[in-house]
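A.B. asks:
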Amino acid sequence: MIREKRKEIIMSVTIATVLDTRRIKENNKYPVKLRLNFARTTNYYQTIFDLSQEDYNKLSAPHISSELQAIKNKIKKIEHEAEAVVSKLESFSFSEFESKFIASNKLFRQRKRKQIFVHPQTDDFDFSPYHKKFSILQETIKESGSIAWSFRKYVQKLIKEGRISTAVSYHCSYVSLKKFRGDIKFISITTSYLVAYEQELKTQGISRSTIGIYLRSLRAVYNEAVEDGFAKKDKSYPFGRRKYQIPTARKVKKALDLKDVEMIYYYDESRLSEFEQRSKAYWLFSYFGNGMNIKDIACLKYQNVHDDYLIFERAKTERSLREDPKPITIFLNEDMKYIISRWGNKPVFPNEYIFPILHHGITPLRQYTLIQNLVGVINDCMQRILADLNIDKKATTYVARHTFSTILKRAGASTEQIQEALGHTNIRTTESYLDCFANDTKKLLSSKLSAFKK
66 MIREKRKEII MSVTIATVLD TRRIKENNKY PVKLRLNFAR TTNYYQTIFD LSQEDYNKLS
126 APHISSELQA IKNKIKKIEH EAEAVVSKLE SFSFSEFESK FIASNKLFRQ RKRKQIFVHP
186 QTDDFDFSPY HKKFSILQET IKESGSIAWS FRKYVQKLIK EGRISTAVSY HCSYVSLKKF
246 RGDIKFISIT TSYLVAYEQE LKTQGISRST IGIYLRSLRA VYNEAVEDGF AKKDKSYPFG
306 RRKYQIPTAR KVKKALDLKD VEMIYYYDES RLSEFEQRSK AYWLFSYFGN GMNIKDIACL
366 KYQNVHDDYL IFERAKTERS LREDPKPITI FLNEDMKYII SRWGNKPVFP NEYIFPILHH
426 GITPLRQYTL IQNLVGVIND CMQRILADLN IDKKATTYVA RHTFSTILKR AGASTEQIQE
486 ALGHTNIRTT ESYLDCFAND TKKLLSSKLS AFKK
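Counting with the working numbering, you get residues 66 to 519 for the letters of the sequence shown.
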């Protein structure tokens, strides 16, 4: 049992003097130690004092011997000076505390301390299958309070939640930051650091959009570090008004014209392999289906089919929203029904995936890999079709989504209707006064997507 005196100080660092009664020494006494607890990690530092259980209990008495009074005064001195050192640290780390207070302090027993490598809590989750994809998981991180420590903790959190695509994005941000100036503490991330980082990426030819993604990831991890006590959201916080503003990219028009879609739709499939025909079908399914992304298509099950409509929740918002995400309703036109009948799984069971992309029991990492591979195959196939048609544009899965929304807009659909169709959730003011559009309206809008059909 360890008896203790507790004192809470800034940054969630707890300092206490304790009598460590776990193992008695040869002098029949126990060592008095200084204990620091921070971010669910505890370190003990042995003082030069050894006391019996009885003498330690006497320290709180009003009248004690002069010898015990001297020890009591020195223990109080240790506590007060430790608090003062911690309060002056810009961001706490055990190694910095040890170098500034424990090392060469005559009130502590000096010994060669082994380097302690700090790892975020993992709750016994097995990350070994993810080591190849995420190099940060195998890095030796010497202490908490650095961007490497916080990025790894956040990536691990995303992996455990099955959000592999987002984890990949954050990992790419970390790799870029590490190449810039290595693993640094958050106190070193200043406005000038961020400006220099942005300029460095520009010289490398990195797009404005990618730069924004990297920096938004850094800001999110910085905010997590504030919550964990590794950083402060005070005057030193580098993001915000009158400080560093993360660049935003102007949206580039990526949509195809209705005439382009017509040419793709009527493209001679005899010139395609069966696998390429399937890829084209998935692209058209995305276009006709409110610009569904491939992950949502892959996750569709037959239980999502309700008569002439698909009703589902976007995989992207399933975990990101605190409240229940708003389901998306899509009218199943004749082309979508044909694609399902031709390329869908058979026999039809409610819990069976509609398309043979995923299967039950696979890991989130395997799911991510399968979907990314399929996206690449579809994009390659569609680019070949456009080349054959002499269309000097791109027809990626992302373009299918933009084409859907652009053609509806040109056909007269309102921004609010398109917002609901796409499943966007970031314009809360619109959703606060708009009710759901009727299914008849969805059916009418869907007809505009195939206005080219003869």
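Using N, Cα and C, we set each Cβ at its ideal position, and we do this for glycine too.
Identify whether T255 lies in helix, strand or coil by the three-state DSSP scheme.
C.D. replies: Here the question's residue 255 lines up with position 190 in the sequence shown. Coil, per DSSP.
A.B. asks: Suppose contacts are defined by Cβ-Cβ distances below 8 Å. Is L223 in contact with A232 by that definition?
C.D. replies: Translated into the one-based positions of the sequence shown, residue 223 becomes position 158. Translated into the one-based positions of the sequence shown, residue 232 becomes position 167. For L223 and A232, yes; Cβs fall inside 8 Å.
A.B. asks: Using the DSSP secondary-structure output, state which residues sit across from S211 in a beta bridge.
C.D. replies: Locating residue 211 in the sequence shown gives position 146, counting from the first residue. S211 is bridged to K250.
A.B. asks: Between which two residues does the beta strand (DSSP E) holding N108 run?
C.D. replies: Locating residue 108 in the sequence shown gives position 43, counting from the first residue. Where N108 is concerned, the enclosing beta strand (DSSP E) stretches over 106-116.
A.B. asks: Apart from the five residues just before and just after Y332, which ones in its own chain have a Cβ nearer than 8 Å to its Cβ?
C.D. replies: Position 267 of the sequence shown holds residue 332. If we look at Y332 and ignore the five residues flanking it on each side, its Cβ neighbours are K345, I450, D453, L454.
A.B. asks: According to DSSP, simplified to helix, strand and coil, what is R100?
C.D. replies: Within the sequence shown, residue 100 is the residue found at index 35, counting from 1. Three-state DSSP puts R100 in a strand.
A.B. asks: For the alpha helix (DSSP H) containing Y403, list its first residue and its last residue.
C.D. replies: Here residue 403 refers to the residue found at position 338 when the sequence shown is read from its first residue. 399-408 is the extent of the alpha helix (DSSP H) around Y403.
A.B. asks: Using the Cα positions of A81 and I143, report the straight-line distance between them to the nearest angstrom.
C.D. replies: Against the sequence shown, residue 81 aligns to sequence position 16. Against the sequence shown, residue 143 aligns to sequence position 78. One C-alpha to the other measures close to 10 Å.
A.B. asks: Taking all protein chains shown into account, do 16 or more other C-beta atoms lie within 10 angstroms of the C-beta of K376, making it buried, or fewer, making it exposed?
C.D. replies: By 1-based counting over the sequence shown, the position of residue 376 is 311. Sequence check: residue 376 is Ile here, not Lys. Under this definition I376 is an exposed residue.
A.B. asks: To the nearest angstrom, report how far apart S193 and L133 are at their CA atoms.
C.D. replies: Position 128 of the sequence shown, counting from 1, holds the residue named residue 193. Position 68 of the sequence shown, counting from 1, holds the residue named residue 133. Near 53 Å, if we compare the C-alpha coordinates of L133 and S193.
A.B. asks: Can you round the beta-carbon distance between L154 and E146 to whole angstroms, since I take them to be within the 8 Å contact cut?
C.D. replies: Within the sequence shown, the letter at position 89 stands for residue 154. Within the sequence shown, the letter at position 81 stands for residue 146. Not a contact, Cβ separation roughly 13 Å.
A.B. asks: Quick check on T394: buried or exposed, where buried means 16 or more other Cβ atoms within 10 Å of its Cβ?
C.D. replies: Taking the sequence shown and counting its residues from 1, the one referred to as residue 394 is at position 329. With 16 or more Cβ atoms within 10 Å of its Cβ, T394 is classed as buried.
A.B. asks: Thinking C-beta only, is F245 closer than 8 Å to E265?
C.D. replies: The count along the sequence shown starts at 1 and reaches residue 265 at position 200. The count along the sequence shown starts at 1 and reaches residue 245 at position 180. Cβ atoms of E265 and F245: closer than 8 Å.
A.B. asks: Looking at C-alpha atoms only, which residue of K402, Y110, I271 is the closest neighbour of V370?
C.D. replies: Sequence index remark: in the sequence shown, residue 370 carries index 305 (1-based). V370 has its Cα closest to that of K402, out of K402, Y110, I271.
A.B. asks: Could you give the uninterrupted runs of the beta strand (DSSP E) lying entirely in the region 272-337, keeping only those of 3 residues or more?
C.D. replies: none
A.B. asks: Which residues bound the beta strand (DSSP E) around F469?
C.D. replies: Walking along the sequence shown from the start, residue 469 turns up at place 404. Where F469 is concerned, there is no enclosing beta strand (DSSP E), although the alpha helix (DSSP H) it sits in stretches over 462-475.
A.B. asks: By a C-beta neighbour count over all protein chains shown, 10 Å radius and 16 as the cutoff for buried, is P96 buried or exposed?
C.D. replies: One-based indexing of the sequence shown puts residue 96 at position 31. So P96 ends up on the buried side.
A.B. asks: State the CB to CB distance for the pair Y463 and I229, rounded to an integer number of angstroms; the pair is presumed to be in contact (CB under 8 Å).
C.D. replies: Position 398 of the sequence shown holds residue 463. Position 164 of the sequence shown holds residue 229. With 8 Å as the limit, Y463 and I229 do not qualify as a contact, their Cβ atoms being about 18 Å apart.
A.B. asks: Look at the alpha carbon of N410 and the alpha carbon of S241, and state the distance between them as a whole number of angstroms.
C.D. replies: Taking the first residue of the sequence shown as 1, we reach residue 410 at position 345. Taking the first residue of the sequence shown as 1, we reach residue 241 at position 176. In a straight line, the C-alpha of N410 is about 41 Å away from that of S241.
A.B. asks: Quick check: the Cα distance between K298 and E208, rounded to an integer number of angstroms?
C.D. replies: One-based indexing of the sequence shown puts residue 298 at position 233. One-based indexing of the sequence shown puts residue 208 at position 143. Roughly 21 Å between the two C-alpha positions.
A.B. asks: Does the Cβ of N416 have 16 or more other Cβ atoms within 10 Å, making it buried, or fewer, making it exposed?
C.D. replies: For the purposes of this step, residue 416 is identified with residue 351 of the sequence shown, where counting begins at 1. That one is exposed.
A.B. asks: From which residue to which residue does the alpha helix (DSSP H) around L430 run?
C.D. replies: Numbered from 1 along the sequence shown, position 365 holds the residue referred to as residue 430. Boundaries of the alpha helix (DSSP H) around L430: 429-453.
A.B. asks: Alpha carbon to alpha carbon, how far is L259 from I311?
C.D. replies: Start at 1 with the first residue of the sequence shown, and residue 259 comes out as number 194. Start at 1 with the first residue of the sequence shown, and residue 311 comes out as number 246. Whole-angstrom Cα-Cα distance: 9 Å.
A.B. asks: Are K94 and D115 closer than 8 Å when you measure CB to CB?
C.D. replies: Within the sequence shown, numbered from 1, the residue matching residue 94 stands at position 29. Within the sequence shown, numbered from 1, the residue matching residue 115 stands at position 50. Yes, the Cβ-Cβ distance between K94 and D115 is below 8 Å.
A.B. asks: Spatial neighbours of K123 within its chain, please: CB distance less than 7 Å, with the 5 preceding and 5 following residues excluded, ordered by chain position.
C.D. replies: Position 58 of the sequence shown, counted from the first residue, corresponds to residue 123. In chain order, I129, L133 place their CB closer than 7 Å to the CB of K123, counting only its own chain and leaving out the 5 sequence neighbours on each side.
A.B. asks: For T268, name the three-state secondary structure that DSSP assigns.
C.D. replies: Here residue 268 refers to the residue found at position 203 when the sequence shown is read from its first residue. Residue state, collapsed to three classes: helix.
A.B. asks: For the 8 Å Cβ check, are there 3 or more pairs between the region 286-304 and the region 321-339?
C.D. replies: no
A.B. asks: Quick one: is K179 buried, meaning 16 or more other Cβ sit within 10 Å of its Cβ, or exposed?
C.D. replies: Indexing the sequence shown from 1 puts residue 179 at position 114. Its pLDDT being 47, under 50, K179 is placed unreliably in this model, and the coordinates cannot settle the point.
A.B. asks: Considering Cα atoms alone, identify which of L439, S406, Y121, C446 is closest to A363.
C.D. replies: Residue mapping note: residue 363 aligns to position 298 of the sequence shown, counting from 1. Among L439, S406, Y121, C446, the Cα nearest to that of A363 belongs to L439.
A.B. asks: Nearest-angstrom Cα distance between L435 and G270?
C.D. replies: Residue mapping note: residue 435 aligns to position 370 of the sequence shown, counting from 1. Residue mapping note: residue 270 aligns to position 205 of the sequence shown, counting from 1. Between L435 and G270, the alpha-carbon positions lie close to 30 Å from each other.
A.B. asks: Ignore the nearest five residues each way along the sequence and tell me which others in T494's own chain have a CB closer than 6 Å to its CB.
C.D. replies: Walking along the sequence shown from the start, residue 494 turns up at place 429. With a pLDDT of 29 at T494, under the threshold of 50, the predicted position of this residue should be treated as unreliable, though the coordinate-derived value follows. So the list is empty, once near-sequence residues are dropped.
A.B. asks: In the structure shown, what three-state DSSP assignment does H128 receive?
C.D. replies: By 1-based counting over the sequence shown, the position of residue 128 is 63. Coil, per DSSP.
A.B. asks: Might you give, ordered along the chain, the residues of its own chain that have their beta carbon closer than 8 Å to the beta carbon of T107, omitting 5 neighbours on each side?
C.D. replies: By 1-based counting over the sequence shown, the position of residue 107 is 42. Apart from the 5 residues on each side of it in sequence, T107 sits with its Cβ closer than 8 Å to the Cβ of R100, L101 in its chain, given in chain order.
A.B. asks: By alpha-carbon positions, which one of L84, L321, A104, K198 ends up nearest to S234?
C.D. replies: Counted from its first residue, the sequence shown places residue 234 at position 169. Checked all of L84, L321, A104, K198; the closest Cα to S234 is K198.
A.B. asks: Would a C-beta distance cut-off of 8 Å place F396 and Y367 closer than the cut-off?
C.D. replies: Translated into positions along the sequence shown, residue 396 becomes position 331. Translated into positions along the sequence shown, residue 367 becomes position 302. No; because the gap between Cβ atoms is not below 8 Å, this pair is not in contact.
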